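Just so we're aligned: 144 in this note's numbering is position 141 of the sequence shown, and the numbers increase by one with no gaps anywhere. Backbone N, C-alpha and C define an ideal beta-carbon position, used for all residues, glycine too. If you're wondering where the values come from, they're calculated on a predicted model, not measured in any experiment. Following: one structure in structure tokens, then a few remarks.
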Amino acid sequence: MDIDTHNHFWIYNPSEYDWIDGSMSLLKRNYLPEEFSNVLTNAKIGGCIAVQARQSYAETDWLLKLSDEFNIIKGVVGWVDVCSVNLHEFLEQKHQHHKLKGFRHVLQGEEDDFMLHPDFIRGIKILSEHDYCYEILVYENQLKSVRKLLDQLPEMRLVIDHIAKPNIKAKPDRDWIQNIKAIALHKHVYCKLSGMVTEADWANWTPEIIFPFIEHTITCFGENRVMYGSDWPVCLVAAKYNEVKNLLEQYLAMHFKNSRDKIFGSNAKKFYRLIDC
Numbered sequence: 004m005d006i007d008t009h010n011h012f013w014i015y016n017p018s019e020y021d022w023i024d025g026s027m028s029l030l031k032r033n034y035l036p037e038e039f040s041n042v043l044t045n046a047k048i049g050g051c052i053a054v055q056a057r058q059s060y061a062e063t064d065w066l067l068k069l070s071d072e073f074n075i076i077k078g079v080v081g082w083v084d085v086c087s088v089n090l091h092e093f094l095e096q097k098h099q100h101h102k103l104k105g106f107r108h109v110l111q112g113e114e115d116d117f118m119l120h121p122d123f124i125r126g127i128k129i130l131s132e133h134d135y136c137y138e139i140l141v142y143e144n145q146l147k148s149v150r151k152l153l154d155q156l157p158e159m160r161l162v163i164d165h166i167a168k169p170n171i172k173a174k175p176d177r178d179w180i181q182n183i184k185a186i187a188l189h190k191h192v193y194c195k196l197s198g199m200v201t202e203a204d205w206a207n208w209t210p211e212i213i214f215p216f217i218e219h220t221i222t223c224f225g226e227n228r229v230m231y232g233s234d235w236p237v238c239l240v241a242a243k244y245n246e247v248k249n250l251l252e253q254y255l256a257m258h259f260k261n262s263r264d265k266i267f268g269s270n271a272k273k274f275y276r277l278i279d280c
């Protein structure tokens, strides 16, 4: 079964999704599993990982409720205040829900040293103790801080979202190249091949512009630690769903044909410990 490891759902409210500006007007509506089920069926994708889009406990509970109602949702990456003194108790309350796989905070919206605060590091370690994964959402200019963070964490399941959001309007930057290479040396860290079209020129990107970023990521992390993600519906500002999927399919067919099923499926099953795929 192919798995899309990165998508979002929301009932649109401008006060809760203030990052959706005028350039993203097509995102200013509801995006829910009923619609996405049809998208996945048409793309021959068997399931997805729903990732938080709001930083609230209500978001986690809502995504878990959706996962109970819609079997296409194979796992949920929710939100939690990892700095909370009540983190242990919260995680113990959630243990009964097998579709809760991990958590994410929008680190790209924080100062670089936020992720290096002792309370944050302590919280990520607690997630590891409870066997949850953690998703690292940052911009490329925060990768040096990510490297410092990784040096202080145990060998837990971690994944870099959106190949760390490099500027794909230009050629791969030397700092991004070096930082991705260094991060990939941590053998417990994965990377999502996701969110790339939205870091490119939305109207004028071509596969040839994005391929060097895919190549470097797979070369560094290897075929066993990268995963396909669409970033639906955010990707729609730059491409249709099948264009996003076919971008990676096209590259793999040319360079990593024998790795296709890992990158579109089995790596996700291993990382998220999916039990019904």
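Closest residue to residue i among the options (Cα-Cα distance)
i           : options               : result
residue 244 : 81, 198, 220 and 266  : 198
residue 169 : 213, 42, 54 and 134   : 213
residue 184 : 206, 147, 204 and 77  : 147
residue 11  : 17, 57, 240 and 18    : 57
residue 120 : 43, 153, 30 and 236   : 153
residue 130 : 83, 171 and 110       : 83
residue 16  : 34, 6 and 241         : 34
residue 215 : 191, 179 and 187      : 179
residue 151 : 176, 189, 136 and 240 : 189
residue 208 : 105, 217 and 242      : 242
residue 30  : 238, 105, 217 and 176 : 238
residue 251 : 77, 68, 44 and 210    : 210
residue 81  : 273, 135, 175 and 219 : 135
residue 143 : 161, 123, 107 and 166 : 166
residue 193 : 66, 273, 65 and 248   : 273
residue 219 : 77, 108, 279 and 186  : 186
residue 106 : 100, 55, 38 and 280   : 55
7 Å CB neighbourhood of residue i in its chain, flanking five on each side removed
i           : result
residue 227 : 265 and 270
residue 47  : 5
residue 222 : none
Cβ-based burial, residue i [other Cβ within 10 Å; buried from 16]
i           : result
residue 141 : buried
residue 254 : buried
residue 1   : Residue 1 lies beyond the stretch modelled for the chain, which goes from 4 to 280, so this question has no answer here.
residue 26  : exposed
residue 233 : buried
residue 230 : buried
residue 256 : exposed
residue 61  : exposed
residue 18  : exposed
residue 173 : exposed
residue 70  : buried
residue 289 : Beyond the ends of the chain as shown, which are 4 and 280, falls residue 289; an answer cannot be given.
residue 50  : buried
residue 157 : exposed
residue 32  : exposed
residue 98  : exposed
residue 7   : buried
residue 177 : exposed
Sheet register partners of residue i (DSSP bridge)
i           : result
residue 50  : 6
residue 231 : 196
residue 105 : 80 and 136
residue 13  : 34
residue 162 : 138 and 193
Span of the alpha helix (DSSP H), counted from its first residue to its last, around residue i
i           : result
residue 224 : 210-224
residue 180 : 177-187
residue 258 : 244-258
residue 207 : Where residue 207 is concerned, there is no enclosing alpha helix (DSSP H), given that its DSSP letter is neither H nor E.
residue 70  : 60-72
residue 144 : Premise fails: residue 144 is in no alpha helix (DSSP H) and is neither H nor E.
residue 275 : 270-275
residue 96  : 90-97
Cutoff 6 Å; reference residue i; Cβ partners in own chain excluding five residues on either side
i           : result
residue 126 : 85, 86 and 90
residue 164 : 138, 140 and 195
Residue i - containing beta strand (DSSP E), residue span
i          : result
residue 81 : 76-81
Own chain, CB closer than 8 Å to residue i, minus 5 neighbours either side, in chain order
i           : result
residue 116 : 148
residue 240 : 26, 27, 29, 30, 201 and 205
Cβ of residue i within 9 Å of any chain C Cβ
i          : result
residue 61 : Checking the listed chains, one finds no chain C in this structure; it contains a single protein chain.
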